[in-house]
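Line by line, the protein sequences are chains G and E. Take the first sequence: its letters are residues 0 to 224, numbered as in numbering that gives the first Met the number 0. Take the second sequence: its letters are residues 0 to 224, numbered as in numbering that gives the first Met the number 0. C-beta: ideal position from N, C-alpha, C; glycine also. Just below is one structure, and these are the notes that go with it.
2 protein chains.
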Amino acid sequence: MNILIVEDEKRLAKALRQILLEQKYMADVVHDGNDGLDYGLSGIYDLIILDVMLPYRDGFEIAAELRRNKVETPILMLTAKDTIHDKVSGLDSGADDYMTKPFAPEELLARIKALTRRRGEVILDETDFGDFNFNASTSTLSKGSKEVHLNFKEAEIMKLLIANREIILSKEDIITKVWGYDSDAGSNNVEAYISFLRRKLNFINSSTEIKTVKKLGYRLETRND
Amino acid sequence: MNILIVEDEKRLAKALRQILLEQKYMADVVHDGNDGLDYGLSGIYDLIILDVMLPYRDGFEIAAELRRNKVETPILMLTAKDTIHDKVSGLDSGADDYMTKPFAPEELLARIKALTRRRGEVILDETDFGDFNFNASTSTLSKGSKEVHLNFKEAEIMKLLIANREIILSKEDIITKVWGYDSDAGSNNVEAYISFLRRKLNFINSSTEIKTVKKLGYRLETRND
DNA sequence: GAAAAAATTTAAGGATAATTTAAGGCTTGT
DNA sequence: ACAAGCCTTAAATTATCCTTAAATTTTTTC
Numbered sequence: 000m001n002i003l004i005v006e007d008e009k010r011l012a013k014a015l016r017q018i019l020l021e022q023k024y025m026a027d028v029v030h031d032g033n034d035g036l037d038y039g040l041s042g043i044y045d046l047i048i049l050d051v052m053l054p055y056r057d058g059f060e061i062a063a064e065l066r067r068n069k070v071e072t073p074i075l076m077l078t079a080k081d082t083i084h085d086k087v088s089g090l091d092s093g094a095d096d097y098m099t100k101p102f103a104p105e106e107l108l109a110r111i112k113a114l115t116r117r118r119g120e121v122i123l124d125e126t127d128f129g130d131f132n133f134n135a136s137t138s139t140l141s142k143g144s145k146e147v148h149l150n151f152k153e154a155e156i157m158k159l160l161i162a163n164r165e166i167i168l169s170k171e172d173i174i175t176k177v178w179g180y181d182s183d184a185g186s187n188n189v190e191a192y193i194s195f196l197r198r199k200l201n202f203i204n205s206s207t208e209i210k211t212v213k214k215l216g217y218r219l220e221t222r223n224d
Numbered sequence: 000m001n002i003l004i005v006e007d008e009k010r011l012a013k014a015l016r017q018i019l020l021e022q023k024y025m026a027d028v029v030h031d032g033n034d035g036l037d038y039g040l041s042g043i044y045d046l047i048i049l050d051v052m053l054p055y056r057d058g059f060e061i062a063a064e065l066r067r068n069k070v071e072t073p074i075l076m077l078t079a080k081d082t083i084h085d086k087v088s089g090l091d092s093g094a095d096d097y098m099t100k101p102f103a104p105e106e107l108l109a110r111i112k113a114l115t116r117r118r119g120e121v122i123l124d125e126t127d128f129g130d131f132n133f134n135a136s137t138s139t140l141s142k143g144s145k146e147v148h149l150n151f152k153e154a155e156i157m158k159l160l161i162a163n164r165e166i167i168l169s170k171e172d173i174i175t176k177v178w179g180y181d182s183d184a185g186s187n188n189v190e191a192y193i194s195f196l197r198r199k200l201n202f203i204n205s206s207t208e209i210k211t212v213k214k215l216g217y218r219l220e221t222r223n224d
């Protein structure tokens, strides 16, 4: 996975790159709008992280220019808190998501996953989340020596939960993604499976839990944060 | 944005139109299935709101016929609460989303936004107001390290307050927008929720307050002292 | 192919959180 | 002080969610 970082604040750019490298992403950094546009036009990136305020050309210009040139690379826009309203709202420059500075690395990673997943990219077969490990190719949930097998639907839901980390997953989302858009599964089906998953997380003594947010959905949460 | 409303219940149709006009959408209303199909076939609409039960032709027929004629306009189907099975046939016949009656205007607007969203359009799910931050996708109010969850109606009201920052929001406005056009909630319901919100703003130590303007309503205000 | 096992769905009652109701206290303006 | 409008809180009600067991369907095994 190749990521381009366009950010003139050198300290932040470096920190971003560090976070990405730790997650085994490849990351290039450029510091101004001209370079950002040139590099972006190459089309070799899977994602562009683009600051709004940049020397020579701002982020909106770059995004619009990339789209005009049929570059479809997902763009994650970074904005300072006070510029959200006058600039971002009602905008149609071509960005796919935006994030306000400062932000937590967790959130950055969650958004990157969401953006790059849309393009058919699929998840690693093995993931650590909180204190447990999930192996998607064997559908196994484990922590230490404890291990338990997930059946098909349980595994699908676990994948969704992991892929959406900090984001709340609605039951409708889960139904359309796991059962299919035209299924007649009801919300109780989801509830039942969430219950099964909780029992299994509990069985391996994981302290990670599936939290419910009433009327909105579910999210995975590690107990110490 | 041009919207077609196909609804035979005249009171509801009128209320729907009113809600849409307030949001600067253009809205046409027709009251039976024949007109609904004719108008829909014109292809000039960006969205069709379609009741299921209609004179002459029901919503499913119309949706199916439109799709057969290559009209790709997004369709939002309205169904009565007890006809759960409608969901399936609705999606089969070509509708893109469905909503059960009665519904709150805010939910309607959210679904309209989702259906008419273009690729690349940025979604603002996070807002700063005064000294706090409100994340609409998780319904979380935060300031610094303090954080508190808002339940559904609290969140709806907070969204309204933030969206109407400069304007005084009357209780009637809040009731019709959050509880629905034909709800029998009274002003005390609003008062109770305003009280809940104030307690939560206080809990995160925000200096922003919900100010009461007697006989008129409420507005958010940052304290300048 | 039939029996057994596993996975999935359904249904019902209990648990929990959201919402409404109601009653008494507070403020503000006259 | 009084009335009107608003605030706050606890208790009552309701909606949503959880959990489980049993029923059903699908898959595996013999």
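So the beta strand (DSSP E) residue i belongs to, where does it begin and stop?
{"i": "E:F131", "result": "131–134"}
{"i": "G:V177", "result": "Segment: none, G:V177 is in no beta strand (DSSP E) and carries neither H nor E."}
Going by the CB atoms, is the gap between residue j and residue i shorter than 9 Å?
{"i": "E:S138", "j": "E:E153", "result": "yes"}
{"i": "E:N201", "j": "G:K213", "result": "no"}
{"i": "G:F128", "j": "G:I167", "result": "no"}
{"i": "E:P73", "j": "E:L19", "result": "no"}
{"i": "E:L3", "j": "E:D31", "result": "no"}
{"i": "G:I209", "j": "G:V189", "result": "no"}
{"i": "G:L107", "j": "G:S205", "result": "no"}
{"i": "G:L65", "j": "G:L36", "result": "yes"}
{"i": "G:I111", "j": "G:L75", "result": "yes"}
{"i": "E:E6", "j": "E:D34", "result": "no"}
{"i": "G:G42", "j": "G:A94", "result": "no"}
{"i": "G:M157", "j": "G:L215", "result": "no"}
{"i": "G:Y97", "j": "G:T78", "result": "yes"}
{"i": "G:Y38", "j": "G:M0", "result": "no"}
{"i": "E:T218", "j": "E:E165", "result": "Checking the sequence shown, residue 218 of chain E turns out to be Arg, not Thr. The answer is yes: Cβ separation under 9 Å."}
{"i": "E:A103", "j": "E:K176", "result": "yes"}
{"i": "E:E146", "j": "E:I193", "result": "no"}
Check whether chain E comes within 9 Å of residue i, counting only Cβ atoms and requiring the distance to be less than that.
{"i": "G:K142", "result": "no"}
{"i": "G:T207", "result": "no"}
{"i": "G:I48", "result": "no"}
{"i": "G:I111", "result": "no"}
{"i": "G:L77", "result": "no"}
{"i": "G:L3", "result": "no"}
{"i": "G:I167", "result": "yes"}
{"i": "G:V70", "result": "no"}
{"i": "G:L215", "result": "yes"}
{"i": "G:T211", "result": "no"}
{"i": "G:T99", "result": "yes"}
Could you tell me whether any Cβ in chain G is nearer than 9 Å to the Cβ of residue i?
{"i": "E:F59", "result": "no"}
{"i": "E:N201", "result": "no"}
{"i": "E:D127", "result": "yes"}
{"i": "E:T137", "result": "yes"}
{"i": "E:N150", "result": "yes"}
{"i": "E:R67", "result": "no"}
What is the DSSP secondary structure of residue i, counted as helix, strand or coil?
{"i": "E:K210", "result": "strand"}
{"i": "E:L11", "result": "helix"}
{"i": "G:Y217", "result": "strand"}
{"i": "E:I2", "result": "strand"}
{"i": "G:A26", "result": "strand"}
{"i": "G:D37", "result": "helix"}
{"i": "G:L155", "result": "In the sequence on display, residue 155 of chain G carries Glu and not Leu. Residue state, collapsed to three classes: helix."}
{"i": "E:F102", "result": "coil"}
{"i": "E:T137", "result": "coil"}
{"i": "E:E165", "result": "coil"}
{"i": "G:D31", "result": "coil"}
{"i": "G:D172", "result": "helix"}
Locate the alpha helix (DSSP H) running through residue i, then write down its first and last residues.
{"i": "E:S186", "result": "186–202"}
{"i": "G:D127", "result": "That residue, G:D127, is in no alpha helix (DSSP H); its beta strand (DSSP E) goes 125–128."}
Which runs of the beta strand (DSSP E) at least 3 residues long sit entirely within the stretch 39–79 of chain G? Give them in chain order.
Runs found: 46–50, 74–79.
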